[in-house]
Amino acid sequence: MCSVSAPHSEPNGHAGPERLSHSLPGSPADRRPTPFEVVGSAESLVGRVLAEQGLGKYCDPDFVRYTSKEMQEALDMTQEEMDRAAHHLLQQERRINVQTLDALQSQL
Numbered sequence: 001m002c003s004v005s006a007p008h009s010e011p012n013g014h015a016g017p018e019r020l021s022h023s024l025p026g027s028p029a030d031r032r033p034t035p036f037e038v039v040g041s042a043e044s045l046v047g048r049v050l051a052e053q054g055l056g057k058y059c060d061p062d063f064v065r066y067t068s069k070e071m072q073e074a075l076d077m078t079q080e081e082m083d084r085a086a087h088h089l090l091q092q093e094r095r096i097n098v099q100t101l102d103a104l105q106s107q108l
């Protein structure tokens, strides 16, 4: 359902600037999601919500893509903004799940 695109190289074979940048441990760049972590997050989340709400039979890739596009337009967001927002929601959900699991394990 979601696609991951590889970083592009320049025509001369050298890696583009995004491939050459790096950060020191603990720097703000460590906490920013890379583009390939975010691409497709909105479609992935929309597909999951449709399935969870009993609409799984409609979850073919085209329907999910069009539904995501309609939401994007209704919210006046770019595809990147939608993917980033979905990525943040998914990260928050993972953190809550980990905290809940940790709390349950500490009670045992």
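Numbering-wise, the sequence shown is residues 1 to 108 according to the UniProt record's numbering.
Note that CB positions come from ideal geometry on N, CA and C, so glycine has one too.
Note that the coordinates shown come from a computational prediction; the quantities given were computed from them, not determined experimentally.
With contact defined as three or more Cβ pairs closer than 8 angstroms, the stretch 93-105 and the stretch 48-62 are not in contact. A Cβ-Cβ distance of about 29 angstroms is found for the pair V98 and T67, leaving them out of contact under the 8 angstroms criterion. In this chain, K57 is not harboured by any alpha helix (DSSP H), its DSSP state being neither H nor E. In the structure shown, G47 adopts helical secondary structure according to DSSP, grouped into three states. The three-state secondary structure of D76, taken from DSSP, is coil. Within 10 angstroms of the beta-carbon of E52 lie fewer than 16 other beta-carbons, which makes it exposed.
Under the three-state reduction of DSSP output, L89 falls in the helix class.
Counting every other CB atom within 10 Å of its CB across the protein chains shown gives G40 a total of 16 or more, marking it as buried.
With a cutoff of 9 angstroms on beta-carbon distance, R65 and E43 are scored as near each other.
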